[in-house]
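All remarks here apply to the structure that follows.
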Amino acid sequence: MTKLIWMSDTHFSAESDVLGHDPRARLQAAIDHINDHHSDAEFCVITGDMVNRGLRADYEGLRARLAKLVVPYLPMVGNHDSRDLVRQLLPLPDSCMAGFIQYKVETPGGLIVCADTQKAGSDAGEVCQARSEWLQQTLLESGSTPVFLFIHHPPVPLGLPMQDTENMENGQVFMDLISGFECVKYLFIGHVHRPITGTLGRIPFSTMRSVLYQAPPPRPAWTWYTFKPGREAPSIGVIQLEGASVIMQYDQFCQYEVGAKGS
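In the working numbering, the protein residues as written are 9 to 271.
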């Protein structure tokens, strides 16, 4: 059995708050919770939007805080991140693909594959031909080993009218690729700041709350012009992998009031 911790969308900023939330307080609360209750995890996967502005100072501040995490972490990129600065300042596995933050990690419970879905200059995502070829080869080489795939952008609409406008633009091509491999057992998705589970064809998936702030549910309806974070506490995922089985708990690591301004 392999235990993983899953954090997403930390939106860290070294100096400023983000949408009325303190990213330093929220990240510290998550780190303290993991260290106190989940030090037996093999890795902590962070599925992108690690910082809010893609600035060096933010990555340096993030790195200093993550150095206090007692389990190794696996960084990923989202639409707010800088690939160059992630590569310069954060630890990456030796298997990382040249030019992209995309890699695989072997564990006793199966193969962890972290895919890069960033599209330069866009809040939406993509998986280009080079990344698709790398992923296809990785899945071919995995054989019958269970594969657990982590991405930032959803490949298909999830019933979230606003977030669905910023999904992976060639998501159906991505789904066609991974659906052809029986070894792909689960898909873990960031970006939407909401907790959702379901199946995409035969592949089950989950999304994760943000460490920093939550998007409100789709009803009552809202737009990006009226957007205000929901008054919901943040969560991390506690994942257990055994064979082809996945059990995940949404683990609230602090009260909403921690790091929320004017609450």
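By construction, the Cβ of each residue, glycine as well, lies at the ideal position given by its N, Cα and C atoms.
Under three-state DSSP, which class holds residue i?
| i | result |
| --- | --- |
| residue 182 | helix |
| residue 257 | strand |
| residue 204 | coil |
| residue 85 | coil |
| residue 221 | coil |
| residue 187 | helix |
| residue 234 | coil |
| residue 246 | strand |
| residue 264 | coil |
| residue 192 | strand |
| residue 12 | strand |
Rounded to a whole number of angstroms, what is the C-alpha to C-alpha distance between residue i and residue j?
| i | j | result |
| --- | --- | --- |
| residue 34 | residue 215 | 19 Å |
| residue 128 | residue 114 | 29 Å |
| residue 239 | residue 222 | 7 Å |
| residue 14 | residue 52 | 6 Å |
| residue 36 | residue 48 | 19 Å |
| residue 97 | residue 157 | 24 Å |
| residue 213 | residue 184 | 15 Å |
| residue 262 | residue 191 | 35 Å |
| residue 136 | residue 267 | 37 Å |
| residue 254 | residue 194 | 8 Å |
| residue 168 | residue 177 | 16 Å |
| residue 143 | residue 123 | 8 Å |
| residue 93 | residue 166 | 31 Å |
| residue 180 | residue 145 | 19 Å |
| residue 104 | residue 111 | 4 Å |
| residue 78 | residue 72 | 13 Å |
| residue 264 | residue 26 | 15 Å |
| residue 210 | residue 218 | 26 Å |
| residue 230 | residue 151 | 45 Å |
| residue 100 | residue 83 | 7 Å |
| residue 64 | residue 70 | 10 Å |
| residue 233 | residue 133 | 21 Å |
| residue 29 | residue 118 | 36 Å |
| residue 171 | residue 206 | 17 Å |
| residue 162 | residue 106 | 23 Å |
| residue 45 | residue 38 | 11 Å |
| residue 256 | residue 204 | 12 Å |
| residue 138 | residue 269 | 43 Å |
| residue 76 | residue 62 | 21 Å |
| residue 149 | residue 42 | 33 Å |
Any idea if residue i is buried or exposed, counting beta-carbon neighbours within 10 angstroms, 16 or more meaning buried?
| i | result |
| --- | --- |
| residue 89 | buried |
| residue 227 | exposed |
| residue 236 | exposed |
| residue 66 | buried |
| residue 21 | buried |
| residue 16 | buried |
| residue 24 | exposed |
| residue 174 | buried |
Just confirm the distance between the C-beta atoms of residue i and residue j, as a whole number of angstroms; I'd bet it's less than 8 Å.
| i | j | result |
| --- | --- | --- |
| residue 121 | residue 85 | Not quite, the Cβ-Cβ distance comes to about 15 Å (not below 8 Å), so this is no contact. |
| residue 247 | residue 259 | Incorrect: roughly 10 Å between the Cβ atoms, too far for contact. |
| residue 160 | residue 199 | 5 Å |
| residue 220 | residue 18 | 6 Å |
| residue 9 | residue 249 | 7 Å |
| residue 87 | residue 130 | 7 Å |
Are the C-beta atoms of residue i and some chain C residue less than 8 Å apart?
| i | result |
| --- | --- |
| residue 161 | Within the model displayed, chain C is absent; a lone protein chain is all it includes. |
Got a sec: does the ligand ADP put a non-hydrogen atom nearer than 7 Å to the Cβ of residue i?
| i | result |
| --- | --- |
| residue 128 | The ligand ADP is not part of the structure shown, which contains no ligands of any sort. |
Start-end ranges of the beta strand (DSSP E) lying completely within the stretch 107-166, minimum 3 residues: 111-115, 118-122, 155-159
4-residue-minimum alpha helix (DSSP H) runs that sit fully inside the stretch 19-64, ordered along the chain: 31-45
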